[in-house]
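First comes the structure, then the notes that go with it.
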Amino acid sequence: MIDLRCSACADRSQFARRGADDSVTCSVASNLSHFTRIGLPRVLPRRFQLRTLLLIVLVVAVFFAWIGKDLIRSRLQRSIVESIEASGGQVFFDYQKSSSSGFTAYLRDAQPHGSRVIRALFGEDLYAKASCVVFLDPQTVDGDIARLGELPDLSEVMISGVGVTDESVQSILRIRRLRSLSLTHTSVSPQGLAGLQAARTLQHLTLAGSSATDKHLETLSEFHALDSIQVIDSPITDDGLRSLGGLHRLKRLDIYRCKTISNAGVSELGRLEDLERLHLLQSNISDASLEILVRLRRLRELRLDGKITDVGFGHLGNLQEMEYLDLHDTGVGDLSLATIARFRRLKSLDLWGTQISDEGLRLISNLPELEHLNIAFTKVTGAGLEHLADMSSLASVSVQIDHSVTLDRVKALKTKLPDCAISCWTQNPDGSQQCSRTL
Numbered sequence: 000m001i002d003l004r005c006s007a008c009a010d011r012s013q014f015a016r017r018g019a020d021d022s023v024t025c026s027v028a029s030n031l032s033h034f035t036r037i038g039l040p041r042v043l044p045r046r047f048q049l050r051t052l053l054l055i056v057l058v059v060a061v062f063f064a065w066i067g068k069d070l071i072r073s074r075l076q077r078s079i080v081e082s083i084e085a086s087g088g089q090v091f092f093d094y095q096k097s098s099s100s101g102f103t104a105y106l107r108d109a110q111p112h113g114s115r116v117i118r119a120l121f122g123e124d125l126y127a128k129a130s131c132v133v134f135l136d137p138q139t140v141d142g143d144i145a146r147l148g149e150l151p152d153l154s155e156v157m158i159s160g161v162g163v164t165d166e167s168v169q170s171i172l173r174i175r176r177l178r179s180l181s182l183t184h185t186s187v188s189p190q191g192l193a194g195l196q197a198a199r200t201l202q203h204l205t206l207a208g209s210s211a212t213d214k215h216l217e218t219l220s221e222f223h224a225l226d227s228i229q230v231i232d233s234p235i236t237d238d239g240l241r242s243l244g245g246l247h248r249l250k251r252l253d254i255y256r257c258k259t260i261s262n263a264g265v266s267e268l269g270r271l272e273d274l275e276r277l278h279l280l281q282s283n284i285s286d287a288s289l290e291i292l293v294r295l296r297r298l299r300e301l302r303l304d305g306k307i308t309d310v311g312f313g314h315l316g317n318l319q320e321m322e323y324l325d326l327h328d329t330g331v332g333d334l335s336l337a338t339i340a341r342f343r344r345l346k347s348l349d350l351w352g353t354q355i356s357d358e359g360l361r362l363i364s365n366l367p368e369l370e371h372l373n374i375a376f377t378k379v380t381g382a383g384l385e386h387l388a389d390m391s392s393l394a395s396v397s398v399q400i401d402h403s404v405t406l407d408r409v410k411a412l413k414t415k416l417p418d419c420a421i422s423c424w425t426q427n428p429d430g431s432q433q434c435s436r437t438l
């Protein structure tokens, strides 16, 4: 028991016989310094304890208010994602999205947003937003995509499967932020497709296989909000392609492996004056189509193959906005490079398998912004590579290694362009090609 009296009083208290008058009691408040001196812990005032407790409660409340919304959203999203994956779908999140040179990819090894500590406590998907869902299984049915509208941040959907019918259109319309939709080999009819006009946020549409017929494309003639259309492996004819000529807001049009498309179908594309990107690959077009394309003054990206020659390409000299040009496996030669030399904004040029020679490289050696050049399997020789030596803007070059272009010549170019990645291609006995090394 601790005596709560001053030292003088304590001494006198040892002798009770001196009388009660000699004992002087001291208050706790007047001797607080004495208690500290003899090693007793201070007792915090109640007011201070209460303030500290309230502050801690406030900090915790603010923290959970800040994180609570994300926590609720992520848990709800998690249950929907699990349901989609159980149905054979794949879900990709916003942090996985990567866009480069007009291409979009989702990287599975990308790191989620936010603090690692917070994610470890509340889940890796705490800040992740499901932005893309893909159903590639041909057995996909309407019921599998019924819950897509419950993902509030979903913007891209790719669906494949003959079991997907017009019934799925209503499920798609419930996706509030849908920007890109791909339908491959589905059973959605032209009438069902017409219902997607109600998707006000839809900007890009891909139709592939049985999902794309002339009737489907006729329906698209009313989709005036679309700025991008892609048609792949489809039996569409010139009649179907003509239906797109009235989509004046269209900025991107890709037609891949549609063998029945000819110059007659391309004739209507000249009306698409806002078009910035056009891909016409593995179709049946020829030089006559290029006379139409000269009207597309805003074209920045063009990919052609097949029966295109210098005669047709010469019409395109006024396309001064051109930045990306792919003429692989066409019949163009040095005359076309004289035209290309006028494209002062050109950044990427693919001439794989064309008829160009050393003289053609000389013609384009003054392009100031050219970064990527593919001249593999052309008539270019090792001597012609010297025309590239002063093109400091080049970031990558592809060449073939054979009797006309030796590895030593390529190494000599590398010494003059040390920051340029040079891919060396070789041809195998079976006719296939492979990249054997990169310098």
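Each residue of the sequence shown is one higher than the last, beginning at 0 in numbering that gives the first Met the number 0. No residue lacks a Cβ here, since even glycine has one placed at the ideal position from N, Cα and C.
_Here's the rule I'm using: 16 or more other beta-carbon atoms within 10 Å means buried, otherwise exposed. How should residue 242 be labelled?_
buried
*Exposure of residue 142, with buried meaning 16 or more beta-carbon neighbours within 10 Å*: exposed
*asked:* Threshold first: 3 residues or longer. Then list the beta strand (DSSP E) segments lying entirely within the segment 289 to 354, N to C.
replied: 300 to 303, 323 to 325 and 347 to 349
*Give me the Cβ distance between residue 346 and residue 322, rounded to the nearest whole Å; I'm assuming they're in contact under 8 Å.*
5 Å
*Apart from the five residues just before and just after residue 335, which ones in its own chain have a Cβ nearer than 6 Å to its Cβ?*
309 and 312
_Backbone CA spacing between residue 88 and residue 134 [nearest angstrom]_ = 5 Å
*May I ask which residues mark the beginning and end of the beta strand (DSSP E) holding residue 276?*
276 to 280
*How many angstroms separate the CA atom of residue 365 from the CA atom of residue 419?*
17 Å
*With DSSP as the reference, label residue 108 as helix, strand or coil.*
coil
*Taking residue 401 as part of the beta strand (DSSP E), name the residues at either end of that continuous run.*
No beta strand (DSSP E) holds residue 401; DSSP gives it neither H nor E.
_Does residue 299 pass the burial test, meaning 16 or more other C-beta atoms within 10 Å, or should it be called exposed?_
buried
*Evaluate residue 251 with the Cβ neighbour count: other Cβ atoms within 10 Å of its Cβ, from every protein chain shown; 16 or more gives buried, anything less gives exposed.*
buried
*Between which two residues does the alpha helix (DSSP H) harbouring residue 283 extend?*
No alpha helix (DSSP H) holds residue 283; DSSP gives it neither H nor E.
*Reducing DSSP to helix, strand and coil, say where residue 255 ends up.*
strand
_Nearest to residue 451 (by Cα), restricted to the options 387, 389, 167 and 91_ = Shown here, the chain extends from 0 to 438; a query on residue 451 therefore has no answer.
*On a CA-only basis, which of 187, 82, 415 and 394 is nearest residue 422? Give me that one, please.*
394
*Under the three-state reduction of DSSP, which class applies to residue 217: helix, strand or coil?*
helix
*Can you round the beta-carbon distance between residue 288 and residue 262 to whole angstroms, since I take them to be within the 8 Å contact cut?*
5 Å
_Option in 391, 164, 195 and 184 with minimal Cα separation from residue 175_ = 195
*By how many angstroms is the C-alpha of residue 238 removed from the C-alpha of residue 189?*
15 Å
_residue 435 (DSSP reduced to helix, strand or coil)_ = strand
*Among residues of its own chain, excluding the 5 on either side of residue 113, which ones have a beta-carbon nearer than 7 Å to its beta-carbon?*
125 and 126
*Measure the CB-CB distance between residue 329 and residue 304 and report whether it falls below 8 Å.*
yes
*Go to residue 183, then tell me how far its beta strand (DSSP E) extends in each direction, as first and last residue.*
179 to 183
*Distance, residue 356 Cα to residue 178 Cα*: 44 Å
_For residue 216, tell me which candidate among 198, 199 and 187 has the shortest Cα-Cα distance._
187
_Coarse secondary structure for residue 96, derived from DSSP in three states_ = strand
*How would you label residue 257, buried or exposed, when you count the other beta carbons within 10 angstroms and need 16 or more for buried?*
buried
*Note down the Cα distance separating residue 139 from residue 209, rounded to an integer number of angstroms.*
15 Å
_Rounded C-alpha distance that separates residue 307 from residue 86_ = 45 Å
_Rounded C-alpha distance that separates residue 362 from residue 286_ = 22 Å
*If we ignore side chains and look at the alpha-carbon of each, how far apart do residue 246 and residue 220 end up?*
6 Å
*The beta strand (DSSP E) with residue 168 in it runs from where to where?*
Looking at the DSSP string, residue 168 is not in any beta strand (DSSP E); the run it does join, the alpha helix (DSSP H), is 166 to 172.
*Could you please give the first and the last residue of the uninterrupted beta strand (DSSP E) stretch that includes residue 155?*
155 to 159
_Please tell me whether residue 280 and residue 255 are closer than 8 Å, where the distance is taken between their beta carbons._
yes
*Starting from the Cα of residue 438, find the closest Cα among 128, 68, 400 and 231 and give me that residue.*
400
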